[in-house]
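I have placed the structure first, in the form of structure tokens, so that the comments after it can refer back to it.
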Amino acid sequence: MKQTILVYGANGAQMNAGTKELIKAGHTIRVLCRTEENAAAWAAQGAETAIGEMGDLDSLLTASRGYDAIFLLVPLFREADELGITYGLNALEAAKVAGITRVIWNTGGPIMDETSETDSGAVVLRQLRADGFSFLGLTPITYMENLFGPWTLAGLKNGKLAYPTPADFKMQWVAAKDFGRVADRALQGEFPNAIMPLGGPAGLDGADLARILGASLGRPLAFETMP
1 MKQTILVYGA NGAQMNAGTK ELIKAGHTIR VLCRTEENAA AWAAQGAETA IGEMGDLDSL
61 LTASRGYDAI FLLVPLFREA DELGITYGLN ALEAAKVAGI TRVIWNTGGP IMDETSETDS
121 GAVVLRQLRA DGFSFLGLTP ITYMENLFGP WTLAGLKNGK LAYPTPADFK MQWVAAKDFG
181 RVADRALQGE FPNAIMPLGG PAGLDGADLA RILGASLGRP LAFETMP
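This is the structure we're talking about:
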């Protein structure tokens, strides 16, 4: 079942690849963009676009009209998370006014305290429940893309895979595009109205990571714990 979906945060690293997966799956996607340049880039990939700011409720109301669902990421502001709260509540208010009832939400990270008044994730979660949205929250465990950050790339050139975890610490990893794939599958049925962690099928330690990534790159790697 193909649907119309308004996407927030598609120009960022966490949502870009997932949004492209939803386009590939045949859904009608409208991407909220802050600039005409970003809008033109998404239009070239087959998406509809709307110019707006998450702090501007009127622009979100315009972008939301006529759509079935939203694919949401609320930016994280470490020093002033009240902005994230405003942005998240504005997106939900616009959806509610527009008659959108379904929300797939990339929480961006774990919600440590659901009663918090200062954590945007906790506030958004309570609002989803209070407004009666049908929702699926997806929490990334660890992004695979982290392994290609500048902190790791330099070591790869010298046969080292460096990451700031102990060598024997096992973690599950998820690709950013997997959020779009899971969202596509979820849209085919009922949402659980719950938060679910999203990661790979197995916990991988440092040696596993070095072996798998080394095989992909075609050269041996040794894992090294970063200080």
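In the numbering used here, the protein residues as written are 1 to 227. The C-beta atom is built at its ideal place from N, Cα and C for all residues, glycine as well.
What beta strand (DSSP E) runs, 3 residues minimum, are completely inside the stretch 115-178?
Taking only runs of at least 3 residues, the beta strand (DSSP E) segments lying wholly in the stretch 115-178 are 134-140 and 160-163.
Within 8 Å, strictly: CB atoms of Val-31 and Thr-4
Judged by beta-carbon spacing, Thr-4 lies beyond the 8 Å limit of Val-31, meaning their Cβ atoms are not closer than that value.
Measuring only the C-alpha atoms, how far is Asn-193 from Pro-227?
39 Å
Relative to the C-alpha of Glu-37, which residue among Ile-29, Ser-59, Lys-20 and Asn-11 is closest?
Considering only alpha carbons, the answer is Asn-11.
Checking the sheet assignment: what are the DSSP bridge partners for Met-196?
Leu-138
Would you tell me roughly how many angstroms separate the C-alpha atoms of Arg-126 and Pro-166, rounded to the nearest one?
35 Å
Take Lys-170 and list the residues in its own chain whose beta-carbon comes closer than 7 Å to its own, dropping the five residues that flank it on each side.
Here the set comprises Gly-203, Leu-204 and Asp-205.
Could you tell me the alpha carbon to alpha carbon distance between Pro-197 and Thr-139, rounded to whole angstroms?
Answer to the nearest angstrom: the Cα atoms are 5 Å apart.
Would you list, in sequence order, the uninterrupted alpha helix (DSSP H) runs of no fewer than 4 residues that lie entirely inside the stretch 10-48?
16-24 and 36-43
Helix, strand or coil at Leu-217 according to DSSP, with G and I counted as helix
helix
State the Cα-Cα distance for the pair Asn-16 and Met-144, rounded to the nearest angstrom.
14 Å
Suppose the cutoff is 7 Å on Cβ atoms and the five residues either side in sequence are ignored; what does the same chain contact list for Pro-182 look like?
Rather than Pro, the amino acid found at residue 182 in this sequence is Val. Cβ neighbours of Val-182 beyond the five flanking positions: Leu-138 and Leu-198.
Within 10 angstroms of its Cβ, does Ser-216 collect 16 or more other Cβ (buried), or is it exposed?
exposed
Who are the Cβ neighbours of Arg-102 in its own chain at under 6 Å, not counting the five residues just before and after it?
Ala-69 and Ser-134
What are the start and end residues of the beta strand (DSSP E) that includes Val-97?
Not the beta strand (DSSP E): Val-97 falls in the alpha helix (DSSP H), residues 82-98.
Between the C-alpha atoms of Gly-109 and Leu-83, what's the straight-line distance to the nearest angstrom?
17 Å
Whose CA, out of Gly-46, Asn-90, Glu-53 and Leu-22, lies closest to the CA of Asn-35?
Per the sequence shown, residue 35 should be read as Thr rather than Asn. The residue with the shortest Cα to Cα distance from Thr-35 is Glu-53.
With a threshold of 8 Å, are at least 3 pairs of Cβ atoms found where one atom belongs to the stretch 86-104 and the other to the stretch 55-66?
yes
Under the DSSP definition of a beta bridge, which residues are partnered with Arg-65?
DSSP, once it has assigned bridges, lists no residue as partnering Arg-65.
In the DSSP assignment, the beta strand (DSSP E) including Val-74 goes from what residue to what residue?
If you look at Val-74, you'll find it isn't in any beta strand (DSSP E); DSSP assigns it neither H nor E.
Based on the DSSP output, what are the partners of Ile-51 in its beta bridges?
Cys-33
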